[in-house]
Amino acid sequence: QNQLHWNQRAVQNPVAITGAHSMVKFCPFSLFLFATSAAAYTTMLSNRSSSKEEQESEKESSGAEPTATTTPFRVVFVLGGPGAGKGTQCALLSEHLGWAHLSAGDLLRAERKKTGSELADLINSKIAAGQIVPASITVRLLREAMESIKSETGNTKFLIDGFPRSEGNVTVWDEVMTEPGLANVEFVLFLDCPEDVMTSRLLERGQTSGRVDDNLDVIRKRFETFRNESMPIVERYEKMGKVRKVVADRTVEDIYEEVKALFA
Numbered sequence: 002q003n004q005l006h007w008n009q010r011a012v013q014n015p016v017a018i019t020g021a022h023s024m025v026k027f028c029p030f031s032l033f034l035f036a037t038s039a040a041a042y043t044t045m046l047s048n049r050s051s052s053k054e055e056q057e058s059e060k061e062s063s064g065a066e067p068t069a070t071t072t073p074f075r076v077v078f079v080l081g082g083p084g085a086g087k088g089t090q091c092a093l094l095s096e097h098l099g100w101a102h103l104s105a106g107d108l109l110r111a112e113r114k115k116t117g118s119e120l121a122d123l124i125n126s127k128i129a130a131g132q133i134v135p136a137s138i139t140v141r142l143l144r145e146a147m148e149s150i151k152s153e154t155g156n157t158k159f160l161i162d163g164f165p166r167s168e169g170n171v172t173v174w175d176e177v178m179t180e181p182g183l184a185n186v187e188f189v190l191f192l193d194c195p196e197d198v199m200t201s202r203l204l205e206r207g208q209t210s211g212r213v214d215d216n217l218d219v220i221r222k223r224f225e226t227f228r229n230e231s232m233p234i235v236e237r238y239e240k241m242g243k244v245r246k247v248v249a250d251r252t253v254e255d256i257y258e259e260v261k262a263l264f265a
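The following block contains the structure:
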């Protein structure tokens, strides 16, 4: 009946019925509300986007990017027993190929000479006994030296001589330098030299070096420490395919010819 009544009204006044439907579909007030809401939503999105861009711009200009996004240091560990010639080869590579040379031992010796250094006594006692200094100290000194050199010269290529010497060294290095993306170890240069040759070199050096660890008793302790602590590190990196071994009981020139080819 309702349908019939509606049809009858439609026949009697089709214009009125059509007009009613038009008012429902295209009411000016509804259209005004829709347009206003749409404009307000568009403006809000635009403001959010602008605000985000401004924040990112401020972050970039303030240098607040995470350290890991910067180019990591390129690192080559230079390992070998005491007297294997690590410092000599690093000096040549630094001079001819532009790699910055950092000696973990030299950094430790420099630190222990600083007046008022809280680390001096600990470093002195460890070195005098031919033992390895705690890894946290060595890694801290290395990182500070690398950042200082980069700041002053822009150089990001580093030869790290005499490090890592123990599992603890590797663990702390990975935590502080590798995992945050600060450094990438490209390979390990291992200078393989017989102990009798190294002993002769160290005793000869001890006549002029003034180093407390260049005497026969300490040399023997250092060899023992190297065999027990450092050789497992060489073997660890060897399993990773990162060790480049060079026989080091030859002349400096012959050794360097082979070493520099590894950096080509």
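First residue of the sequence shown: 2, per the numbering used here; consecutive thereafter. For glycine and all other residues, C-beta sits at the position ideal for the given N, C-alpha and C. The model shown is predicted, which means the values in this text are computed figures rather than measured ones.
Query                                                                                             : Result
Proximity below 7 angstroms, CB of VAL76 to CB of LEU190                                          : no
Candidates ASN125, ALA121 and HIS102: closest to ASP214 by CA position                            : ASN125
Reduced DSSP category for ASP250 - H, G, I as helix; E, B as strand; rest coil                    : coil
Cα-Cα separation, ALA184 to VAL247                                                                : 24 angstroms
Beta bridge counterpart(s) of LEU245 as assigned by DSSP                                          : A small fix is needed here, since residue 245 is Arg in this sequence, not Leu. Paired residue(s): LEU190.
ALA111 versus LYS87, ALA146 and PRO135, residue with shortest Cα-Cα distance                      : ALA146
Length of the line joining the Cα atoms of GLU66 and PRO181                                       : With a pLDDT of 38 at GLU66, under the threshold of 50, the modelled position of this residue cannot be trusted; read the value that follows with caution. Going by the C-alpha atoms only, they are around 13 angstroms apart.
Buried or exposed by the 16-neighbour rule on C-beta atoms within 10 Å, applied to VAL253         : exposed
Pair within 7 angstroms by beta-carbon distance, GLU230 and ARG166                                : yes
Residue range of the alpha helix (DSSP H) that includes GLY88                                     : 87-98
Cβ distance (whole Å) where PHE224 is taken to contact PRO83 below 8 angstroms                    : 7 angstroms
Sequence ranges, beta strand (DSSP E) only - wholly within the stretch 138-169, length at least 3 : 158-162
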